[in-house]
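**Q** Handing you this structure, nothing more for now.
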Amino acid sequence: MERWVYPVAGLRPEDVEQGQVCTTRTPLHGEYAWDAGVAVGRFLAELKAGRLIGRRCRACGRVMIPPRMFCEQCFRPTDEWVPLADTGTVMTFSVCTISWDMRRLEVPEVPAVIAIDGASPGMGIMHKLGEVGQTMEEILNRVRIGMRVQAVWKPAGEREGAITDIRYFRPLEQ
Amino acid sequence: MAGRRVAIVGAGMTKFVRRALETGQELAWEAASKALESCEMTLDQIDAVVLGTAPDAFDGVHMKVEYLSPGAGAWGKPTIRGFVGGGTGVFAAIQGWYHIASGMFDTVLVVCEEKMSSCHPHPQAAFNYIFDSTLERPLGPNLLWIFALEMNAYMTKYGLTKRDVAMVAVKNKRNAADHPAAQLGDPNITVEDVLNSEVLAWPVQRLDVSPTSDGAVALVMAAEHIARRVTHQPVWVEGVGWSLDTQYWTNRDLSYPTYVEEAARKAYAMAGIKEPRKEIHIVEPYDPFDYKELHHLEGLLLADRGKAAELVALGIANRDGDLPVTPSGGLLGVGNPISAAGLMKVAELFWQLRGEAGKRQVPGRPRRGLAQAWGDLMQVGTVIILGV
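If you read the sequences in order, they're chains A and B.
Under our numbering, the letters of the first sequence match residues 660 to 833, in that order.
Under our numbering, the letters of the second sequence match residues 414 to 801, in that order.
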């Protein structure tokens with residue numbers, strides 16, 4: 660089997676950093692403006708008003724968040740908007756100490772999937788948790804899967820119709 | 414079994430490294446020419462080419478398969494790109510199978526190449542675009558988040574410890590020490606090393622994760638009448654399956670990979686396998702993170718839910734155990750040039766089932782193996798079963 664392996668030597672990081680090999684840099688310039696679409700467009704408008712909203716499919720009975728105009732399970736249009744609470748349950752979380760380019764964060768971030776009250780069981784969104792501590796140890800002592808949380812909204816005047824109109828979710832109980 | 418019988422008759426690959434001097438085209442050429450050489454075939458005997466490669470964004474080259482094609486032997490041939498994220502490597506072999514099983518072609522060259530090192534400052538940048546543009550990206554996510562979220566959901570549901578999971582990283586990095594193409598093989602690594610490595614996104618630590626890599630792997634596949642002329646040891650494709658879960662990943666139960674089970678059930682049915690735990694002799698599940706190997710063993714129905722860690726703890730998953738798991742060393746040990754890593758797992762089965770795996774050889778003349786890959790937004794399962 661060894662005969663059929665080509666022995667790539669591999670460059671060391673220093674070879675690139677110290678200019679031992681020729682490199683060219685071509686940054687990609689592309690900016691995108693995404694359309695929110697029908698379902699998420701309405702969802703964003705509701706966020707600006709300080710509310711979470713889902714969509715019900717009468718065929719399977721699911722109340723879905725993020726909302727969609729079609730049910731991917733029944734493959735038919737969804738039927739109606741359903742107001743949801745701004746409380747929910749932590750389904751899972753992480754304590755992230757690095758940025759996407761592997762730089763250290765001074766205060767860890769706590770991304771989580773939060774099942775929203777009023778939607779079908781297990782229907783969650785991704786967001787962050789806050790008011791749960793500043794260090795890994797504090798956060799791991801404070802946060803549990805199954806923990807009840809509530810959205811902390813930006814003041815009405817600062818909201819812009821974005822998912823970040825919710826600053827984070829904080830624990831409901833002590 | 415659907416369609417004509419199809420065999421793998423040759424395999425070749427490059428060493429996996431963090432940063433190769435070679436271009437993507439050159440890596441594809443080295444793997445493709447080695448695969449052809451291994452079965453004493455030439456390019457003019459190849460009817461069609463299947464090329465697998467993951468996001469264009471790694472290379473900053475749009476339409477990457479067209480760019481790679483000269484090195485992959487695709488000039489003047491019917492060529493197709495398969496792309497299902499991390500699931501691509503196994504899916505490319507499945508595409509090779511149906512090109513031939515359908516009767517359309519007799520011989521196919523399957524090439525998977527990835528060069529992640531071109532992307533600066535870190536290839537993670539390419540992964541930031543998998544998140545929903547409106548509802549997730551404004552939160553500043555990175556790829557580790559979704560793995561950490563899934564790993565925590567899985568560990569918490571079954572009460573698994575970090576130690577239970579770290580044993581997978583140790584097993585695979587030790588296995589990789591015997592692989593001539595390995596980037597991160599380490600015969601002396603211990604569970605303590607993994608548990609003491611830097612925390613990236615709890616519960617994910619540095620040694621729980623596979624590296625970023627450059628590399629390429631190629632296979633030659635052939636219809637039965639050709640395969641029997643080319644080699645006295647064809648390795649047959651006995652079953653294939655693939656399945657996709659919903660894009661709404663925050664609506665799923667992250668503790669169980671339903672899509673892997675769906676793919677596995679299709680492949681088992683096609684191969685006539687009723688009791689996979691007895692009938693599969695080697696398994697190469699996708700292991701970009703240590704917990705993923707456990708998660709996938711459960712999805713493949715090779716372990717009860719929450720119990721895959723016991724296979725590792727009891728040594729059953731060792732190379733000389735009853736169900737050797739990732740004898741190659743996997744993504745954690747050999748390396749993770751995304752699509753090429755998946756195809757490396759298929760190549761490992763080819764070498765193992767022919768008794769050509771050298772120091773990695775699983776004892777007891779294994780006759781049937783399964784390789785699985787996984788990808789997109791934690792939602793695709795691709796499975797292939799090979800036998801002799």
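In this text, a Cβ means the ideal position worked out from N, Cα and C, and glycines have one as well.
Identify the contact partners of residue 673(A) in chain B, using a Cβ-Cβ distance below 9 Å as the criterion.
**A** In chain order: nothing, as chain B lies at least about 11 Å away.
**Q** Kindly indicate the opening and closing residues of the alpha helix (DSSP H) around residue 440(B).
**A** Where residue 440(B) is concerned, the enclosing alpha helix (DSSP H) stretches over 437 to 451.
**Q** What runs of the beta strand (DSSP E), each 3 residues or longer, lie entirely inside the stretch 555 to 624 of chain B?
**A** Listed in chain order, they are 612 to 615.
**Q** Please list, in chain order, the chain B residues whose beta carbon lies closer than 8 Å to that of residue 787(A).
**A** Result: 552.
**Q** How about residue 563(B) and residue 467(B): are their beta carbons less than 7 Å apart?
**A** Result no, Cβ atoms of residue 563(B) and residue 467(B) do not sit closer than 7 Å.
**Q** Quick one: give me the first and last residue of the beta strand (DSSP E) that residue 674(B) is part of.
**A** No beta strand (DSSP E) holds residue 674(B); the alpha helix (DSSP H) holding it covers 671 to 684.
**Q** What did DSSP end up calling residue 460(B) once you bin it into helix, strand or coil?
**A** In this structure, residue 460(B) counts as coil in the three-state DSSP scheme.
**Q** Residue 674(A) by DSSP, collapsed to three states: which one?
**A** Three-state result, residue 674(A): helix.
**Q** Using DSSP's beta-bridge definition, name the partner residues of residue 807(A).
**A** According to DSSP, residue 807(A) bridges with 748(A).
**Q** Given a cut-off of 7 Å on the beta-carbon distance, is the pair residue 786(B) and residue 572(B) in contact?
**A** Cβ distance not < 7 Å, so residue 786(B) and residue 572(B) don't count as in contact.
**Q** Just curious, the beta strand (DSSP E) that residue 827(A) is in, first and last residue?
**A** Element bounds for residue 827(A): 825 to 830.
**Q** Rounding to the nearest angstrom, what Cα-Cα distance links residue 436(B) and residue 484(B) in this structure?
**A** Cα to Cα, residue 436(B) sits roughly 10 Å from residue 484(B).
**Q** What is the DSSP secondary structure of residue 666(B), reduced to helix, strand or coil?
**A** In the structure shown, residue 666(B) sits in coil (DSSP, three-state: anything other than H, G, I, E or B).
**Q** Taking 8 Å as the threshold, find out whether the stretch 453 to 465 of chain B comes into contact with the stretch 522 to 536 of chain B through three or more Cβ pairs.
**A** Because the criterion of three Cβ pairs below 8 Å is met, the stretch 453 to 465 of chain B and the stretch 522 to 536 of chain B touch.
**Q** Please name the residues in the stretch 755 to 785 of chain A whose beta-carbon is closer than 7 Å to at least one beta-carbon of chain B, in chain order.
**A** Within the stretch 755 to 785 of chain A, the qualifying residues are 755, 756, 757, 758, 759, 760, 761, 770, 772, 781, 782, 783, 784 and 785.
**Q** Here's a check: name, in chain order, each residue in its chain whose Cβ is nearer than 8 Å to the Cβ of residue 809(B), leaving out the five neighbours to either side.
**A** One cannot answer for residue 809(B) here, as it falls past the ends of chain B, which runs 414 to 801.
**Q** Quick one: using the 10 Å Cβ neighbour count with 16 as the cut-off for buried, is residue 567(B) buried or exposed?
**A** Label assigned to residue 567(B): buried.
**Q** Between residue 827(A) and chain B, is the shortest Cβ-Cβ distance under 7 Å, so that the two count as touching?
**A** Cβ-Cβ to chain B under 7 Å: no for residue 827(A).
**Q** For the stretch 624 to 639 of chain B, which residues have a CB atom closer than 8 Å to at least one CB atom of chain A, in sequence order?
**A** Those would be 627 and 628, in chain order.
**Q** Mind checking whether residue 589(B) and residue 742(B) have CB atoms under 7 Å apart?
**A** Going by C-beta atoms, residue 589(B) is nearer than 7 Å to residue 742(B).
**Q** Using a cut-off of 8 Å between C-beta atoms, extract the partners of residue 657(B) located in chain A.
**A** Ordered by position in chain A, no residue passes the 8 Å Cβ test against residue 657(B), which lies about 11 Å from the chain.
**Q** Sort 718(B), 556(B), 612(B) and 706(B) by Cα distance to residue 625(B) and report the nearest one.
**A** Here the closest residue by C-alpha is 556(B).
**Q** For the stretch 578 to 589 of chain B and the stretch 703 to 718 of chain B, state whether three or more C-beta atom pairs, one from each stretch, are separated by less than 8 Å.
**A** Judged by Cβ distances under 8 Å, the stretch 578 to 589 of chain B makes contact with the stretch 703 to 718 of chain B, as three or more pairs qualify.
**Q** Can you pull the chain B residues whose beta carbon is under 8 Å from the beta carbon of residue 685(A), in chain order?
**A** 473, listed in chain order.
**Q** List the residues that DSSP assigns as beta-bridge partners of residue 735(A).
**A** Its beta-bridge partners are 730(A).
**Q** Under DSSP, the beta strand (DSSP E) around residue 652(B) begins and ends at which residues?
**A** Run containing residue 652(B): 648 to 657, per the beta strand (DSSP E) assignment.
**Q** Alpha carbons only, please: which of 471(B), 596(B) and 449(B) is nearest the one belonging to residue 687(A)?
**A** Residue 687(A) has its Cα closest to that of 471(B), out of 471(B), 596(B) and 449(B).
**Q** Quick one: residues in its chain with C-beta nearer than 8 Å to the C-beta of residue 763(A), no 5 flanking neighbours on either side, listed in chain order?
**A** 756 and 757.
**Q** In three-state DSSP terms, what is residue 705(A)?
**A** Of the three classes helix, strand and coil, the one that applies to residue 705(A) here is helix, per DSSP.
**Q** Give me the DSSP bridge partner(s) of residue 426(B).
**A** In the DSSP output, where bridge partners are listed per residue, residue 426(B) has 664(A) and 630(B).
**Q** When the Cα atoms are used, what is the spatial distance from residue 800(B) to residue 449(B)?
**A** The alpha-carbon atoms of residue 800(B) and residue 449(B) are separated by roughly 21 Å.
**Q** Using a Cβ-Cβ distance under 7 Å, would residue 643(A) count as near chain B?
**A** Nothing can be reported for residue 643(A): it is not among the residues displayed for chain A, which extend from 660 to 833.
**Q** Just to check my reading of the structure: residue 702(A) and residue 773(A) have Cβ atoms closer than 8 Å, yes? What is that Cβ distance to the nearest angstrom?
**A** The pair is not a contact, with the Cβ atoms about 15 Å apart (cut-off 8 Å).
**Q** Against residue 695(A), what residues of chain B qualify as contacts under a CB-to-CB distance less than 8 Å, listed in chain order?
**A** Neighbours of residue 695(A) on chain B, chain order: 547.
**Q** Quick check: what's the CA-CA separation for residue 460(B) versus residue 633(B)?
**A** Their backbone Cα atoms lie some 11 Å apart in a straight line.
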